[in-house]
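A.B. asks:
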Amino acid sequence: MTGFNPPFTAGIDVGSTQTKAVLLDVSARIAGTALIDTGFDIDAAARTVYARLLADAGLRADAVHTVAGTGYGRFRIAFGDLQVTEISCHARGAVHLFPATGTVLDMGGQDTKAIRVAADGGVIDFCMNDKCAAGTGRFLSAAAAVLEMPLDELAAVAATGANPVTISTTCTVFAETEILAWVARGKPVNDILLGAHQAIANRSLALLKRVGLQPAITFTGGVSRNSCMVDQLEQLLGCRLQVGEQTPFAGALGAALFARDRLLAGRQELQG
Amino acid sequence: MTFPAVRAKIEATSLLEDWSERLDLLAQQQRTAAYAFVMGSCAELLAAFEIPLFLPEINCLQTAVNGTAQGLLQHAEEQGYPSDICNYLKADVGLHLQGRRLPHKRLPAPCLAIASTACNTYIKWAEIWQRLYDMPLFVFDIPGSRNPARPSRPGDPGFAADLAYMMEQVRSLISLCERISGRRLDPDRLSHALDCTNRMGDAFRQMLAMNRQEPACFDAVRQGGAYLGVFNAYRGSEAGVRYFRNALEELQQIRQRCLREPPAEAPFRLLFAGLPCYPLYSSFIRMFSTQGGLFVRSTYLQFASGGANLEYRFDTGRPVESFAEGLLLTTREAMDSMFLAGDRLFEAQAACKADGVVFHGVKSCRTVSTGLADARLALLSRSSVPTLLLESDMMDRRLISPAQMQNRIDAFFETLRLRRQAGAP
Chain A
1033 MTGFNPPFTA GIDVGSTQTK AVLLDVSARI AGTALIDTGF DIDAAARTVY ARLLADAGLR
1093 ADAVHTVAGT GYGRFRIAFG DLQVTEISCH ARGAVHLFPA TGTVLDMGGQ DTKAIRVAAD
1153 GGVIDFCMND KCAAGTGRFL SAAAAVLEMP LDELAAVAAT GANPVTISTT CTVFAETEIL
1213 AWVARGKPVN DILLGAHQAI ANRSLALLKR VGLQPAITFT GGVSRNSCMV DQLEQLLGCR
1273 LQVGEQTPFA GALGAALFAR DRLLAGRQEL QG
Chain B
32 MTFPAVRAKI EATSLLEDWS ERLDLLAQQQ RTAAYAFVMG SCAELLAAFE IPLFLPEINC
92 LQTAVNGTAQ GLLQHAEEQG YPSDICNYLK ADVGLHLQGR RLPHKRLPAP CLAIASTACN
152 TYIKWAEIWQ RLYDMPLFVF DIPGSRNPAR PSRPGDPGFA ADLAYMMEQV RSLISLCERI
212 SGRRLDPDRL SHALDCTNRM GDAFRQMLAM NRQEPACFDA VRQGGAYLGV FNAYRGSEAG
272 VRYFRNALEE LQQIRQRCLR EPPAEAPFRL LFAGLPCYPL YSSFIRMFST QGGLFVRSTY
332 LQFASGGANL EYRFDTGRPV ESFAEGLLLT TREAMDSMFL AGDRLFEAQA ACKADGVVFH
392 GVKSCRTVST GLADARLALL SRSSVPTLLL ESDMMDRRLI SPAQMQNRID AFFETLRLRR
452 QAGAP
């Protein structure tokens, strides 16, 4: 610690399925990440993930200057100092991870968004899926539930499919019925799952085109961990996606960067 | 933000209540009215025959604002009307199925319906009335622009042919109105009605022009809706002229006050494209105004005013010909502002120095929403102005998710603030 403010900032992204946290040092280097399932108690999820983040980094709460919340539960984070939408945060986080980013595709549990970004991480335009969860991670969760398969195994199984089925519906609930119908017709599970991945990738492509695709494309959100989805998107787009270990944390990272802006502004005031 | 145009709002409410009461009285007396749509309503011609005018679109949006629309939609759906067709049409069908009765008013049956090819739903909608009431239906076939960059103008050879086509149709409608009303067309009465619309339009266009300047004097979605209601329901009348004269005067006073007492922080000037979200009318606008947004211009004021934004003045010395010409030009303008927007939004955004553009597509109106996609892409290809795309509905509360809407609006304002902090003009 110095005479300056505490040198760390944190971002907490309370998503519909998982809550992510990122700790940044004053140089904007990632000093830690944490991830838990959100559950029904948003405030508790935020507290738990933040406690884990600090514990893993060996820090006390007073080492953190500002905590920024994002995600649908951002206003329920009682200890948050500021709230920023996940749209702005994913844009900022993606550009921080991959400075050449022109477009961000964020695929989370409940929504998918395409964001066209400026070089500074600012949002130029964005589009999101509508009220239905078709085309989001929830769609894959529904498929996993119907097929009684752990979510983590979906990508590996789907990747072995050779003749994907067509999932024509635009509704997650009816997609379950459609998947069951394919099972009843004796279609192999891997082909059904590959079809589900393709259905989501196609819907995401439409979103990306609506904002005007600008390379490079960075894939963020929880589903960016799904290697089959990455493959399907890359085939459709005809280009490589920018994706990495930190991309599921892009929202929380963006929030931490907005928190860091406040830290730096405070320092300028002190110096001024 | 800006000073509210209180007098114009009160007078608009009062005039629209009077309009409803007159329609209610007609219904009580078992008398009828002409049903027409805001694009190509023929209000002046009907006024010349003293045939009362009912505008179902305005009635429908009023039911959405006052919360009675849901029951009407439900009524129509129970009859098998699907969930994804025009909800104006469906609410109106629900209204007719329940005997044209609303909680505080009744509506007269139609003696005539006037539709046009400006919207294909207009035609199917009017055919439903025809089946229900067995009354005449007149459908105008409006020649389109075909080329948005170079629409034909008076004096062009192509325009002369289009106008001749319109004249034949207007003559047919006049014959029909003569038969329904039992009187001959009085050209002087038509001239007077056209003169009234000229004067209303003069004031309305001045008001729209004032808002292009800084500071803007009214919110084009909130206050613009009141202006629009009166413009449509009272076009061709002295009451309409008085309203717009007063409204213009009030805006001029507001402008002087804004110049004397500028706000501490300049609002974000926004351009609105699409239809308002009537089921959440006030809260929708508040989602923007509480974050410092002010709609300085709205495409709704173009197409929903039947193209009154166009600098067209009827020639009262040749009323029938000029009525046909005005009908062609203004209805075509209304259509083009939706389907052939081209560079219109880019030019509008530059002219009113908008900081951002808000697109509001509605699920149940393809006429508006279809053109919106192309208009948005045309704007994005030429400008880096921040845009926001919202999708909900103009009638059906079930199709609206306020939390999702608020989240997107929040993100839009984060972008606007960051751009302003970075020194964006």
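Line by line, the protein sequences are chains A and B.
In this text, residue positions in the first sequence follow this note's numbering: the first is 1033, and each later residue adds one.
In this text, residue positions in the second sequence follow this note's numbering: the first is 32, and each later residue adds one.
Here a beta-carbon is modelled for each residue, glycine too, at the ideal position from N, C-alpha and C.
1. Nearest to residue 285 of chain B by CA position, among B/302, B/246, B/256, is which residue?
2. Taking residue 343 of chain B as part of the alpha helix (DSSP H), name the residues at either end of that continuous run.
3. Once the 5 residues before and after residue 72 of chain B are set aside, which same chain residues still bring their CB inside 8 Å of it?
4. From what residue to what residue does the alpha helix (DSSP H) around residue 1176 of chain A run?
5. Can a CB atom of chain A be found closer than 8 Å to the CB of residue 439 of chain B?
6. At a Cβ threshold of 8 Å, is residue 306 of chain B touching chain A?
7. Given this structure, state the Cα-to-Cα distance separating residue 101 of chain B from residue 95 of chain B, to the nearest angstrom.
8. I want to see whether chain B comes within less than 8 Å of residue 1035 of chain A, judged by CB atoms only; does it?
9. On a CA-only basis, which of B/242, B/279, B/256, B/447 is nearest residue 233 of chain B? Give me that one, please.
10. Could you name the residues of the stretch 147–166 of chain B whose beta carbon sits closer than 7 Å to any beta carbon of chain A, in the order they occur along the chain?
11. Near residue 1193 of chain A, what residues of its chain come up, given a Cβ to Cβ distance below 6 Å and the 5 sequence neighbours on each side ignored?
12. Below 8 Å CB to CB, which residues in the same chain sit around residue 53 of chain B once its five sequence neighbours on both sides are set aside?
13. Am I right that residue 466 of chain B and residue 142 of chain B are in contact with their C-beta atoms under 8 Å? What's the rounded C-beta distance?
14. From the beta carbon of residue 113 of chain B, is the nearest beta carbon of chain A less than 8 Å away?
15. Relative to the C-alpha of residue 302 of chain B, which residue among B/178, B/138, B/236, B/407 is closest?
16. Measure from the alpha carbon of residue 97 of chain B to the alpha carbon of each residue in B/428, B/216, B/446, B/328, then state which is nearest.
17. Using only the alpha-carbon positions, how far apart do residue 104 of chain B and residue 306 of chain B sit?
18. Which residue comes first and which comes last in the beta strand (DSSP E) that contains residue 1074 of chain A?
19. Please report the straight-line C-alpha distance between residue 107 of chain B and residue 304 of chain B, rounded to a whole angstrom.
20. Please state if the CB of residue 1065 of chain A and the CB of residue 1054 of chain A are separated by a distance shorter than 8 Å.
21. What three-state label does DSSP hand residue 1034 of chain A in the structure shown?
22. Against chain A, does residue 442 of chain B count as a neighbour if the rule is that its beta carbon must be under 8 Å from one of theirs?
23. Hey, does residue 330 of chain B have any beta-carbon neighbour from chain A nearer than 8 Å?
24. With H, G and I counted as helix, E and B as strand and the rest as coil, what does DSSP make of residue 1138 of chain A?
25. Let's test the definition: count the other Cβ atoms within 10 Å of the Cβ of residue 1239 of chain A and tell me whether it reaches 16, buried, or not, exposed.
26. Determine the burial state of residue 314 of chain B: buried for a count of at least 16 other Cβ atoms within 10 Å of its Cβ, exposed for fewer.
27. Quick one, which residues of the stretch 1097–1125 of chain A are near chain B if we go by CB-CB under 7 Å, in chain order?
28. Between the C-alpha atoms of residue 1042 of chain A and residue 448 of chain B, what's the straight-line distance to the nearest angstrom?
29. Can you tell me whether residue 81 of chain B is helix, strand or coil according to DSSP?
30. For the stretch 1145–1159 of chain A, which residues have a beta carbon sitting closer than 7 Å to at least one beta carbon of chain B?
31. So with CB distances below 7 Å, who are the chain B contacts of residue 1244 of chain A?
32. What distance in whole Å lies between the Cβ atoms of residue 176 of chain B and residue 371 of chain B, which are believed to be in contact at a cut-off of 8 Å?
33. Distance cutoff 8 Å, beta carbons only. Does residue 210 of chain B sit that close to anything in chain A?
34. Should the stretch 215–229 of chain B be called in touch with the stretch 340–352 of chain B, which here means at least 3 C-beta pairs below 8 Å?
35. Which bits of chain A does residue 445 of chain B rub up against, with CB to CB less than 7 Å?
36. Name, in chain order, the residues that DSSP records as bridge partners for residue 418 of chain B.
C.D. replies: So, from the listed chains and residues:
1. The residue you call residue 285 of chain B lines up with position 254 of the second sequence. Ranking the options by Cα distance to residue 285 of chain B, first place goes to B/246.
2. Here residue 343 of chain B is taken as the residue at index 312 of the second sequence, counted from 1. Counting along the chain, residue 343 of chain B falls outside any alpha helix (DSSP H), and DSSP gives it neither H nor E.
3. Here residue 72 of chain B refers to the residue found at position 41 when the second sequence is read from its first residue. So the list reads 84, 86, 145, 263, 266, 337, once near-sequence residues are dropped.
4. Within the first sequence, residue 1176 of chain A is the residue found at index 144, counting from 1. Where residue 1176 of chain A is concerned, the enclosing alpha helix (DSSP H) stretches over 1169–1178.
5. In the second sequence, residue 439 of chain B corresponds to position 408, counting from 1. Yes, residue 439 of chain B counts as interfacial toward chain A.
6. By one-based count along the second sequence, residue 306 of chain B stands at place 275. So no, residue 306 of chain B is outside the interface.
7. On the second sequence, residue 101 of chain B is found 70 positions in, with the first residue counted as 1. On the second sequence, residue 95 of chain B is found 64 positions in, with the first residue counted as 1. Straight-line Cα distance between these residues: approximately 8 Å.
8. Counting from one through the first sequence, the residue named residue 1035 of chain A turns up at place 3. For residue 1035 of chain A, the predicted structure reports a pLDDT of 47, less than 50, and the residue's modelled location is therefore unreliable. A value from the coordinates is still provided. Residue 1035 of chain A does not count as touching chain B.
9. Position 202 of the second sequence, counting from 1, holds the residue named residue 233 of chain B. Residue B/279 is the option with its Cα nearest to residue 233 of chain B.
10. none
11. Looking up residue 1193 of chain A in the first sequence gives position 161. Around residue 1193 of chain A: 1222, 1223, 1226.
12. Within the second sequence, numbered from 1, the residue matching residue 53 of chain B stands at position 22. Excluding residues within five positions, the ones whose Cβ falls inside 8 Å are 83.
13. No answer is possible for residue 466 of chain B: it lies beyond the span of chain B, which begins at 32 and ends at 456.
14. Within the second sequence, numbered from 1, the residue matching residue 113 of chain B stands at position 82. By this cut-off, residue 113 of chain B is not an interface position.
15. As a first step, residue 302 of chain B is located in the second sequence; it is residue number 271 there, counting from the start. Nearest C-alpha to residue 302 of chain B: B/407.
16. Here residue 97 of chain B is taken as the residue at index 66 of the second sequence, counted from 1. Of the candidates B/428, B/216, B/446, B/328, the one whose C-alpha sits nearest the C-alpha of residue 97 of chain B is B/428.
17. The sequence position of residue 104 of chain B within the second sequence is 73, counting from 1. The sequence position of residue 306 of chain B within the second sequence is 275, counting from 1. One C-alpha to the other measures close to 19 Å.
18. As a working mapping, residue 1074 of chain A is identified with position 42 in the first sequence. Premise fails: residue 1074 of chain A lies in the alpha helix (DSSP H), 1074–1089, not in any beta strand (DSSP E).
19. Taking the first residue of the second sequence as position 1, residue 107 of chain B is located at position 76. Taking the first residue of the second sequence as position 1, residue 304 of chain B is located at position 273. Distance between the alpha carbons of residue 107 of chain B and residue 304 of chain B: 29 Å.
20. Here the question's residue 1054 of chain A lines up with position 22 in the first sequence. Here the question's residue 1065 of chain A lines up with position 33 in the first sequence. The answer is yes: Cβ separation under 8 Å.
21. Locating residue 1034 of chain A in the first sequence gives position 2, counting from the first residue. Reliability fails at residue 1034 of chain A, whose pLDDT of 44 lies under 50, so the model's placement of it is uncertain and no value is given.
22. Here residue 442 of chain B is taken as the residue at index 411 of the second sequence, counted from 1. For residue 442 of chain B, the answer is yes, since a Cβ of chain A falls inside 8 Å of its Cβ.
23. Counting from one through the second sequence, the residue named residue 330 of chain B turns up at place 299. Not closer than 8 Å to any Cβ of chain A, the Cβ of residue 330 of chain B fails to qualify, so no.
24. Residue 1138 of chain A sits at position 106 when you count from the first residue of the first sequence. Strand.
25. Numbered from its first residue, the first sequence carries residue 1239 of chain A at position 207. Answer is buried; the Cβ neighbour count reaches 16.
26. Locating residue 314 of chain B in the second sequence gives position 283, counting from the first residue. Counting Cβ neighbours within 10 Å, residue 314 of chain B comes out exposed, since fewer than 16 surround it.
27. 1116, 1117, 1119, 1120
28. Counting from 1 along the first sequence, the entry for residue 1042 of chain A is found at position 10. Counting from 1 along the second sequence, the entry for residue 448 of chain B is found at position 417. Residue 1042 of chain A and residue 448 of chain B: Cα-Cα distance of roughly 22 Å.
29. Your numbering for residue 81 of chain B matches position 50 in the second sequence. Residue 81 of chain B falls in the coil class under three-state DSSP.
30. 1154, 1155, 1156, 1157, 1158, 1159
31. One-based indexing of the first sequence puts residue 1244 of chain A at position 212. Chain B residues near residue 1244 of chain A: 411.
32. The residue given as residue 371 of chain B occupies position 340 in the second sequence. The residue given as residue 176 of chain B occupies position 145 in the second sequence. Contact flag correct, Cβ pair sits at about 6 Å.
33. Sequence index remark: in the second sequence, residue 210 of chain B carries index 179 (1-based). Not closer than 8 Å to any Cβ of chain A, the Cβ of residue 210 of chain B fails to qualify, so no.
34. yes
35. Locating residue 445 of chain B in the second sequence gives position 414, where the first residue counts as 1. What residue 445 of chain B touches in chain A: 1116, 1117, 1120.
36. Working through the second sequence from its first residue, we reach residue 418 of chain B at position 387. Residue 418 of chain B pairs with B/388.
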